[in-house]
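Here numbering that gives the first Met the number 0 is used: position 408 in the sequence shown is 407, and no number is missing along the way.
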Amino acid sequence: MPRATFTFPSGFYWGTATAAHQVEGNNLNNDWWAWEQQEGRIINGDRSGRAGDWWAGRWREDFDRAHETYQNAHRFSVEWSRIQPELDRWDENALDRYRAMLLGLKERNMLPMITLHHFTTPMWLVEMGGWENEAAVDLFAEFSRRVVEALGSHCNHWITINEPNVLMSGGYLGGGFPPGKNDLKAALKVMSNLLKGHAAAYQAIHTAQSEARVGIAHHWRGFLPANRSPLTRYSTNLYNKVFNEALPQALITGKFDAVMLKEDIPQAKNTQDFIGLNYYTRELVRFDLRRRSEMYTQLSYPKDAELSETGFLNNDPQGFMAGIKWAAQFDLPIYITENGVEDGKDDFRRKYLLEHLHAMWRMINNNTPVKGYFHWTLVDNFEWERGWSQRFGLWGFDPVTQLRTRRKSVDLYAEICRTNSITAETVEKYCPEVYDRIYPV
Ligand code: BGC
């Protein structure tokens, strides 16, 4: 049987990623909280409620979990509506709590990476039209400046906005996020404003902190044509251009080209210091005349797909390699800012995790500058419109009792973090069913 150890570069960052609304609890003052109170918005009528109770201090025990299992980095987000509860009011107490979390990471020797905007928008801004209103651009930059001034002595890795493309399609192309619109024009306007918001925040952050490293967490999703028809190919290209390319290319060139909206945004040119890549899966695209509201396309998984617990994702590590290859074109350091799978039973995650980390190793071995990996996520959390029906945590979690349970994947990931490698023993011990795929004869 072939055996080998796949070693990662020394100093590699191993961590998990979280987001404020999904773990803090009682975020009463943003659009998602309001959304959850409306009937029919969230699967099973679930609500974020106390979530993982981080706002009450339970981040301490969860950071211990991460630290004790050899993670040396953590990505979390700050909640805008807590720090700026009203247009002209700033809450120093909220900043103090985030400072305590940063100190908590420092004590545990973990590198912090802060996300400034992870899907939630304060209600006062929503009342002004949210990201459809260009005023959001400067407001976000001002918020970012304040945060960096307050917390910059303990953190210098910043993600301005998490997944602008998912925020856009979720909220404005019928994807189940607030404000629940299906309006292409509004969607493209939002995307353009998010891009401008990022660019303005990039400058504000660098003015406040010269050593800052700033990026976006970009959701890259592979799109492959489901058949050879020219219309299907056209749809696939369209998805690629609008969802995958428009925003990241504008960060290089200052030219935003979302096919149906083209705009020169020169201030966005060269506004990232690293690429943050969120990868989950690839999909097939098929042209379908009946689906007007979905830009005449149907998305699906291949027939031989290995689907996750709720059919949400395909285990497609080749797609991860394609995504990393795509990210490498920008010639910047790459962080995998999210990657993971929902699996309450924890019999799929180990396979997904091992194969994805092996795929990442192969890309690094090809000289791709991946510097760190943040698994989604540490403990089960509130999965947006899917509520508590999906379990992405290394640790399981009961939202009623707050009880955490250690899944086997914890030990698998810990072994990889501790040894900074994937060994044949680890594969044999935690997931022998993928041995042949990782060590083909
Ligand atoms: C988001 C996370 C989310 C994860 C899994 C990503 O698109 O950034 O907030 O929980 O997907 O659904």
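Glycine included, each C-beta is placed from N, C-alpha and C at the ideal position. None of the values given here were measured: they were computed from a predicted structure.
| Check | Outcome |
| --- | --- |
| Rounded straight-line distance, which links the Cα of G24 to that of Q36 | 14 Å |
| Per DSSP, cross-strand counterpart(s) of V284 | P224, L298 |
| Cβ-based neighbour list, G214, same chain, cut-off 7 Å, excluding 5 preceding and 5 following | I158, Q271, D272, F273, I274, G275 |
| Under 9 Å between C-beta atoms of W32 and R40 | no |
| Closest by C-alpha distance to G253, when choosing among T296, P265, V147, L27 | P265 |
| Any non-hydrogen atom of the ligand BGC closer than 8 Å to T120 Cβ | no |
| Chain C within 9 Å of E282, Cβ atoms only | As a matter of chain content, chain C is missing from the structure shown, which is built from one protein chain. |
| Between the CA atoms of R349 and F7 - distance to the nearest angstrom | 19 Å |
| Touch test, the stretch 244 to 252 against the stretch 301 to 315, Cβ-Cβ under 8 Å, three pairs minimum | no |
| Stretch-stretch touch, CB-based, cutoff 8 Å, three pairs: the stretch 157 to 176 with the stretch 96 to 109 | no |
| Spatially closest choice to L237 from F286, K268, R281, A211, by CA coordinates | F286 |
| In DSSP terms, what D63 is bridged to | Partner(s): none; D63 has no beta bridge. |
| Cα-Cα separation between L312 and Y279, rounded to whole angstroms | 7 Å |
| Other residues of its chain near Y233: CB distance less than 8 Å, five sequence neighbours each side excluded | F286 |
| Straight-line gap, Q70 to G14 (C-alpha atoms, nearest Å) | 5 Å |
| Whole-number beta carbon distance between R403 and F396, since they are thought to touch under 8 Å | 6 Å |
| Chain-order list of residues whose beta-carbon lies under 8 Å from that of E38 (same chain, five-residue window excluded) | G44 |
| Sequence-distant residues of its chain with Cβ nearer than 7 Å to E432 (five each side left out) | K350 |
| Cα-Cα separation, T231 to M190 | 24 Å |
| Local conformation of K268 per DSSP, three classes | coil |
| Beta-carbon contacts of V340 that lie in its chain and below 6 Å, excluding the five residues immediately before and after | S307, L312, R348, Y351 |
| Selection from M359, S299, A149 that minimises the alpha carbon distance to Y372 | M359 |
| Which listed residue (H197, V378, H153, Y97) has its alpha carbon closest to that of E61 | A quick correction: the sequence has Asp, not Glu, at residue 61. Here the closest residue by C-alpha is V378. |
| Neighbourhood of A200 by C-beta distance below 7 Å, restricted to the same chain and skipping five residues each side | L115, F139, A140, S143, T159 |
| Opening and closing residue of the alpha helix (DSSP H) in which K261 lies | First-last for K261: 261 to 263, but that is the beta strand (DSSP E), not the alpha helix (DSSP H). |
| Cβ-based neighbour list, P1, same chain, cut-off 6 Å, excluding 5 preceding and 5 following | Y438 |
| Supposed contact pair R74 and A449 - C-beta distance, whole angstroms, cut 8 Å | This structure cannot settle anything about residue 449, because the visible part of the chain is limited to 0 through 440. |
| Beta-carbon contacts of I421 that lie in its chain and below 8 Å, excluding the five residues immediately before and after | T4, F5, L353, L356, H357, W360, I415, I437 |
| Segment limits, beta strand (DSSP E) that includes H357 | No beta strand (DSSP E) holds H357; the alpha helix (DSSP H) holding it covers 348 to 364. |
| Proximity test, W387 beta-carbon vs the ligand BGC heavy atom, cut-off 8 Å | no |
| Length of the line joining the Cα atoms of V426 and D90 | 48 Å |
| Beta-bridge partners of E75, as assigned by DSSP | The question names Glu, yet the displayed sequence has Phe at residue 75. In the DSSP output, where bridge partners are listed per residue, F75 has I113. |
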